[in-house]
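Numbering (the numbering used here), first residue to last: 2 to 407. These notes concern the structure reproduced below.
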């Protein structure tokens, strides 16, 4: 082999490599994708319902007070979704501030509570935020606010959408043979490289498909099988015996249906397990089962990360009188917008117990009706609901932490 050929080939390869590096750096400096992965307070799905002049974001860009604590402070992290973000509550009435005051009294020491939460976050984005937090800050206790009506399906996909329409891409994980892989799409450039991101945009636009839609389509293809439509058809005779009510109507008038057995009508993508009713089908698909296994792995990983940073970790679940109890008791079936019927058996607590060890789960009843929800059409906790939930949580934590802090 002649030296001149080797020299020319080496120069060519080096030139291409340098060119690619320059293009990559240029794209990172001067080009930003129209949509980036993940979201915080500024682009939260519930940002528009808040109009408080004193709203602030913390160092991770989510709603809440700054990570300001002293060397002797007991630092608590509150992981969650819209319930922790509490967009309709003033900053001083957010769960973090209420728990901070209640826990300081219960423990008789200075406590600081910080939020790592945004609307629509599952444990995947919570885990991602927790790892970022630990890069610069410490914590003594990590608390995860479980919302089992959302968490399971939100964890399983690279977007957040309960319909066939693609939602906002986010960091997420994949479970392969009980091993948690990821995070995927953890950077602003979906494939980590700006150049590859741009090329993918061009390729998929030629197919009249968004890059986000292609990402979700490819992700769905590698998940376990979804529901079989023929099996859903077999449920029609059983489900037809119940009164049919649109899901939104049911939520708004939930006490009117307290003594009725219902078939709930939903436009959500139940077939593909992208739904608030996943994984509560009576006849679970392999994908429904995957949702449960993945969520178990994510909770376990959150606990591992906390322990690695000398933090205690617990999951808490307020069982709401105005929602959780009635929905599980009265909704027997769900019908999607293709007229497919699915039998459902909603038992949030049992499903949560299947993914969180008993010694790590804090459960308590949250009594109340209209006064604990923000409005008839918005079932998020009101200021009264937040007060009751954090009061109960602080009381539980006092007993749990009594021996830990002695």
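Cβ atoms here follow ideal geometry from the backbone N, Cα and C, with glycine treated the same way.
Check, Outcome
"Rounded C-alpha distance that separates residue 272 from residue 110", "50 Å"
"Counted within 10 angstroms of its Cβ, other Cβ atoms place residue 257 as buried (16 or more) or exposed", "exposed"
"Contiguous beta strand (DSSP E) assignments of at least 3 residues, all confined to the segment 285 to 353", "313 to 321, 332 to 336, 342 to 344"
"C-alpha gap between residue 301 and residue 357, whole angstroms", "8 Å"
"Enclosing alpha helix (DSSP H) for residue 184 [first to last residue]", "It is not in any alpha helix (DSSP H) - residue 184 instead sits in the beta strand (DSSP E) that spans 180 to 185."
"Residue 330 to residue 346 span [Cα, whole Å]", "8 Å"
"Whether residue 335 touches residue 278 by CB criterion (8 Å)", "yes"
"Rounded Cβ spacing between residue 327 and residue 255 (contact assumed at less than 8 Å)", "5 Å"
"Beta-carbon contacts of residue 298 that lie in its chain and below 6 Å, excluding the five residues immediately before and after", "176, 181"
"Buried versus exposed, by CB contacts within 10 Å (16 or more), residue 240", "buried"
"For residue 351, the nearest candidate out of 364, 69, 342, 344 (CA to CA)", "364"
"Unbroken alpha helix (DSSP H) run spanning residue 107, endpoints", "96 to 108"
"Residue 13 classed as buried or exposed, judged by whether at least 16 other C-beta atoms fall within 10 angstroms", "exposed"
"Nearest neighbour of residue 56, chosen from 113, 68, 42, 46 [CA to CA]", "42"
"Contact under 8 Å by Cβ, residue 45 with residue 120", "yes"
"Same chain, Cβ closer than 7 Å to residue 99, five either side skipped, listed in chain order", "387, 388, 391"
"Which listed residue (134, 133, 259, 270) has its alpha carbon closest to that of residue 340", "270"
"Residue 47 (DSSP reduced to helix, strand or coil)", "coil"
"Short Cβ contact (8 Å threshold) for residue 452 with residue 312", "The structure shown does not extend to residue 452, since the chain is modelled only from 2 to 407, so the question has no answer here."
"Inter-residue spacing [alpha-carbon to alpha-carbon] between residue 75 and residue 112", "5 Å"
"Classification of residue 159 by the beta-carbon crowding that lies within 10 angstroms, buried from 16 upward", "buried"
"Endpoints, alpha helix (DSSP H) assigned at residue 66", "Careful: residue 66 lies outside any alpha helix (DSSP H) and carries neither H nor E."
"Residue 11 in three-state terms, based on DSSP", "helix"
"Simplified DSSP state of residue 388, which is helix, strand or coil", "helix"
"Own chain partners of residue 321 with C-beta closer than 6 Å, once the 5 adjacent residues on each side are dropped", "367"
"Beta-carbon proximity of residue 139 to residue 381, cut-off 8 Å", "no"
"Helix, strand or coil at residue 92 according to DSSP, with G and I counted as helix", "helix"
"Residue 253 in three-state terms, based on DSSP", "helix"
"Status (buried if at least 16 other CB within 10 Å, exposed otherwise) for residue 210", "exposed"
"Nonlocal neighbours in the same chain, by C-beta distance under 6 Å from residue 338, ignoring five residues either side", "268"
"The alpha helix (DSSP H) enclosing residue 237, as first and last residue numbers", "237 to 240"
"Outcome for residue 19 when other beta-carbon atoms lying within 10 angstroms are tallied against a minimum of 16", "exposed"
"Contact check, residue 189 vs residue 37, beta carbons under 8 Å", "yes"
"Nearest-angstrom beta carbon gap, residue 104 and residue 395 [assumed within contact, 8 Å]", "5 Å"
"CB of residue 290 within 8 Å of CB of residue 323, strictly", "no"
"Straight-line gap, residue 235 to residue 344 (C-alpha atoms, nearest Å)", "10 Å"
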